[in-house]
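Here's the structure we're looking at; comments come further down.
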Amino acid sequence: MKRNTKELNAILDKVVGDIRNEQIDSSVIDDAASRIWARISEQAVNNAQVETVATVPAFEHIGGCADFQSLIPSYLRGELS
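Okay, so the sequence shown: first residue is 264 according to this note's numbering, each after it adds one.
Here is the structure:
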């Protein structure tokens, strides 16, 4: 059975409406938020540790790929002039 575009759009509209109107238990939301904040906090701690270990290499001239690659982390952190 082949459906036309109008029927498919009606089905999609119904599904989207059902999802939009679905009531989610607040405990589920709170649990998800706690997991997200734990991951964000862990990532922030890991990033802080990496930044304290990493130093900005001092290059007056880039002599090759290795020199360029060693500057990429400093560039991404916005530490290069």
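Even for Gly, the Cβ is constructed at its ideal location relative to N, Cα and C.
Looking at the structure shown, is residue i part of a helix, part of a strand, or coil, going by DSSP?
i, result
"residue 325", "coil"
"residue 287", "coil"
"residue 344", "coil"
"residue 269", "helix"
Going by CA-CA distance only, name the one from the options that's closest to residue i.
i, options, result
"residue 284", "296, 290 and 276", "276"
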